[in-house]
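What follows is a set of notes on a single structure, which appears directly below.
Set out below in structure tokens:
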């Protein structure tokens, strides 16, 4: 089977939709036309650039290049997790908690999939490694930022309760246990929902893309199932690690609740 | 026979504070709001960062695990906070039935839903929650703040009995000068971060 190539004209036709929407926004005074156009332009440029980067990467298969690409991806994801927090940890922890847990979970899961499941050769074949890591990272990033946000908000809100528990001689683990459990649960909900709705409500993007590109549907489905499981694993373990690290950081060596290690919301 | 000793204790604008409370003694502190009474109690319970140290007998706060210290030197906050649905979930074992009765609460209180308890009921239950852990020193932050006169007497009586039987050291923050007269062997005014001893009133016991 062959992929039908898209010409620039084809894309221009699709871009008319954006222009029409922007016109409507102007007409109805929605005030989003500027955002709409810049974000459309941004995604065009970003995607074209990444296309070029991937082309170069695929032509020069070398572990160092793949590792560099993966490193950049994880740093950007770590920053994204940080800026999404209402109350983030002050100093390196703000960036470190999310980034470290994504590194632990996403990398492990991706490498495991490449080595044990797909069995590409070489194992870091960028065609597989980069898209897989990207999908796992994107979802793990969501889970971790939801979980961390919930944990810090909850701890700030329930400070009197947590301190009462500490005053009764409970350990920090016991004192924060309710908030921690809730935060992990919140981080896991999106992927659980995505798995239960997959195929019925939504056709996952990856699978759709493969089918459009000519892959037989059943093969595409198998890959999608694999990716779902990898995402669930990456998100789940990543969130558990991140929330665990963050909970630990909320207490000092004398097991005092240290909300002063968080920034104020909005700053 | 636990005695509580504070040595150069300093937390934010409070201190340095030197204070010895003998086993079985009750010391009251009063002072304007914002003078740091709660801050002082929190520092002794090691819930806030502080300089200096506190000792229970010869056991030093900084050398014990924090939870162990807080079990022996127990803070009862002015407002009680609860995490579960029912009263019983917050107790590690039984509640001493005679204590419940002494505070004017029925034995069935252990099954109460907290959302249906009054502030005063919760305050008494929070006190029992701490007493059931048998602490050697008590840090009480206005323990009768939400109670009527009759119930206040009940609480004072129970605490006096506990103090005598356990030979516990008690540090009691109160705004009520009548109460201070009734319960304290020594009384201090906290002002500008320092403790000043005041004329002793009537002895309790």
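Protein chains in written order, with the UniProt record's numbering: chain A, 1 to 267; chain B, 1 to 205. All C-beta atoms in this analysis are idealised placements derived from N, C-alpha and C, irrespective of residue type, glycine included.
Asked                                                                                                                                                                                                   : Found
Quick one, are the C-beta atoms of residue 147 of chain A and residue 98 of chain A less than 7 Å apart?                                                                                                : no
Go ahead and label residue 134 of chain B buried or exposed: buried means 16 or more other beta carbons lie within 10 angstroms of its beta carbon, across all protein chains shown.                    : exposed
Please work out which residues of its chain come closer than 8 Å, Cβ to Cβ, to residue 109 of chain A, disregarding the five sequence neighbours upstream and downstream, and give them in chain order. : 136, 230, 233, 234, 237
Are residue 43 of chain A and residue 33 of chain A close, meaning C-beta to C-beta below 7 Å?                                                                                                          : no
Kindly say whether residue 161 of chain A, judged by its beta-carbon, lies nearer than 7 Å to any beta-carbon of chain B.                                                                               : yes
Any idea if residue 150 of chain A is buried or exposed, counting beta-carbon neighbours within 10 angstroms, 16 or more meaning buried?                                                                : buried
What's the gap between the Cα of residue 182 of chain B and the Cα of residue 174 of chain B?                                                                                                           : 11 Å
Hey, does residue 66 of chain B have any beta-carbon neighbour from chain A nearer than 7 Å?                                                                                                            : yes
Using the Cα positions of residue 87 of chain B and residue 119 of chain B, report the straight-line distance between them to the nearest angstrom.                                                     : 13 Å
I'd like to know whether the C-beta atoms of residue 21 of chain B and residue 4 of chain B end up nearer to each other than 7 Å.                                                                       : yes
Take residue 171 of chain A as the anchor and find which of A:60, A:247, A:18 has the nearest alpha-carbon.                                                                                             : A:247
Determine, using beta carbons only, whether residue 70 of chain B comes closer than 7 Å to chain A.                                                                                                     : yes
For residue 130 of chain B, which of B:9, B:71, B:64, B:29 has the nearest alpha-carbon?                                                                                                                : B:71
Look at residue 116 of chain A and residue 70 of chain A and say whether their C-beta atoms are less than 7 Å apart.                                                                                    : no
For the structure I just gave you, are there three or more beta carbon pairs, one from the stretch 145–160 of chain B and one from the stretch 31–47 of chain B, closer than 8 Å?                       : no
To the nearest angstrom, how far is it from the Cα of residue 15 of chain B to the Cα of residue 152 of chain A?                                                                                        : 32 Å
Going by C-alpha distance, which of A:48, A:125, A:140, A:67 is nearest residue 11 of chain A?                                                                                                          : A:48
Return the CA-CA distance between residue 128 of chain A and residue 61 of chain A, expressed in angstroms with no decimal places.                                                                      : 12 Å
In terms of alpha-carbon separation, which member of B:114, B:83, B:90, B:128 lies closest to residue 103 of chain B?                                                                                   : B:128
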